[in-house]
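Let me begin by presenting the structure, written as structure tokens, before commenting on it.
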Ligand SMILES: [Zn+2]
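And the structure:
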């Protein structure tokens, strides 16, 4: 079968199988068990290792997760000769990370090994490029050519990311870097959303130091759909400060840019949306989410290991339980499918 035809067939299979899974899930959940879609899942860790694609599918099946955005990681941690011990964690020692394009092929091979019914639930994103290389877009085009009809998005593009930026070879990546303009344009042309990690500030500055970079991207590429990872927060920033300006900025961005979606995973859910004991939702965040319920997605942000997938997704229940049934369904599941398809 020629590649274009295969792509069309795959899309059809995806639609049919997705609806089958939905029907199945609906009939199984007479107890109104919630159906989730994970907007942020990494197939590999910072050493490009993974428990494997079957572990992803098993964890999804066990936890009522119908769909997942699955990506590699654009960098790999090296074991430098200067380091006395083989590293087990990206920040375990002083050795750097470098850009690693093979991550996309590792992911593609894994996903393509699945039976069609499982493949249809995985939405693979292209991430393996250096975002300050003006030729990066060629890698993305190559991936699109090698696996026609396969890719569902681009990212996670790692731009401002505190410790990770410091550990990465070369110029600090920025959301408005000139190398990324053709990437955003290619995304729009191919109807692919972009998952962008761009910290709102550094770990010390109590002002939205880097927000202008994100806004340049949003403003300059109105036809590109952006999912902002963790709403610009990170674990390292959270450890240093509480960003008092964050909720106002998120609110303003959502009102200003209709090509923006917010990924509530990890550092934003844990430290901002929920109270410190994580059993209540902060009212000002609830207000923002209720005002724009179609603009938020949820995710696990796990890397290479999937045994916590259910816990990570169910951590959103505290928030979802505060919303109307319709809004909860949007955040838990429907919004992601809309942002992937580009349909309202
Ligand atoms: Zn991530």
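In this note's numbering, the protein residues as written are 187 to 530.
Glycine residues also receive a C-beta, built at the ideal position from the N, C-alpha and C atoms.
Everything numeric in this text was worked out from a predicted model, so none of it was measured.
Contact under 8 Å by Cβ, residue i with residue j
| i | j | result |
| --- | --- | --- |
| residue 248 | residue 496 | yes |
| residue 286 | residue 260 | yes |
| residue 256 | residue 297 | yes |
| residue 411 | residue 379 | yes |
| residue 432 | residue 501 | no |
| residue 459 | residue 471 | yes |
| residue 522 | residue 338 | no |
| residue 322 | residue 315 | yes |
| residue 476 | residue 509 | yes |
| residue 359 | residue 344 | yes |
| residue 384 | residue 438 | no |
| residue 361 | residue 304 | no |
| residue 413 | residue 225 | yes |
| residue 443 | residue 382 | no |
| residue 340 | residue 312 | yes |
| residue 227 | residue 488 | yes |
| residue 435 | residue 397 | yes |
| residue 374 | residue 409 | yes |
| residue 447 | residue 504 | no |
| residue 386 | residue 335 | no |
| residue 372 | residue 326 | yes |
Residue range of the alpha helix (DSSP H) that includes residue i
| i | result |
| --- | --- |
| residue 537 | Given a span of 187 to 530 for the chain in the structure shown, any question on residue 537 remains unanswerable. |
| residue 278 | It is not in any alpha helix (DSSP H) - residue 278 carries neither H nor E in the DSSP assignment. |
| residue 272 | Where residue 272 is concerned, there is no enclosing alpha helix (DSSP H), given that its DSSP letter is neither H nor E. |
| residue 523 | 521-527 |
| residue 487 | From DSSP, residue 487 is part of no alpha helix (DSSP H); its letter is neither H nor E. |
| residue 373 | 367-375 |
| residue 514 | 511-515 |
| residue 424 | 421-426 |
| residue 395 | Careful: residue 395 lies outside any alpha helix (DSSP H) and carries neither H nor E. |
| residue 505 | 503-506 |
Backbone secondary structure at residue i - three-state DSSP
| i | result |
| --- | --- |
| residue 475 | helix |
| residue 222 | strand |
| residue 264 | coil |
| residue 432 | helix |
| residue 400 | helix |
| residue 389 | coil |
| residue 446 | strand |
| residue 253 | strand |
| residue 242 | helix |
| residue 460 | strand |
| residue 469 | helix |
| residue 195 | Unreliable placement is indicated for residue 195, whose pLDDT of 43 sits below 50; the coordinate value is still reported in the next sentence. It is helical. |
| residue 227 | strand |
| residue 518 | helix |
Residues near residue i by beta carbon distance below 6 Å, same chain, minus five either side
| i | result |
| --- | --- |
| residue 407 | 370 |
| residue 423 | 389 |
| residue 279 | 269 and 273 |
| residue 293 | 229, 258 and 310 |
| residue 520 | none |
| residue 490 | 230, 231, 235 and 236 |
| residue 220 | 518 |
| residue 498 | 486 |
Continuous beta strand (DSSP E) stretch holding residue i: start and end
| i | result |
| --- | --- |
| residue 380 | 380-383 |
| residue 413 | 412-415 |
Same chain, Cβ closer than 8 Å to residue i, five either side skipped, listed in chain order
| i | result |
| --- | --- |
| residue 507 | 514 |
| residue 264 | 281, 282, 283 and 284 |
| residue 245 | 251, 492, 493, 495 and 496 |
| residue 238 | 296 |
| residue 421 | 452 and 453 |
| residue 465 | 504 |
Residues of its chain near residue i, where Cβ-Cβ distance is below 7 Å and the 5 sequence neighbours each way are ignored
| i | result |
| --- | --- |
| residue 319 | 365 |
| residue 233 | 262 and 263 |
| residue 376 | 330 |
| residue 461 | 468 |
| residue 478 | 440 |
| residue 562 | The requested residue 562 is not part of the displayed model; the chain covers only 187 to 530. |
| residue 266 | 281 |
| residue 512 | none |
| residue 516 | 479 and 480 |
| residue 349 | 277 and 422 |
| residue 355 | 282 and 284 |
Heavy atom of ligand 2 within 7 Å of residue i beta-carbon
| i | result |
| --- | --- |
| residue 415 | Because ligand 2 does not appear in the structure shown, any question about it cannot be addressed here, the ligands present being ligand 1. |
Next item on the list: Could you tell me which uninterrupted alpha helix (DSSP H) segments, each at least 4 residues in length, are contained entirely in the segment 286-351, listed from first to last along the chain?
Entry: 288-298, 302-305 and 322-332
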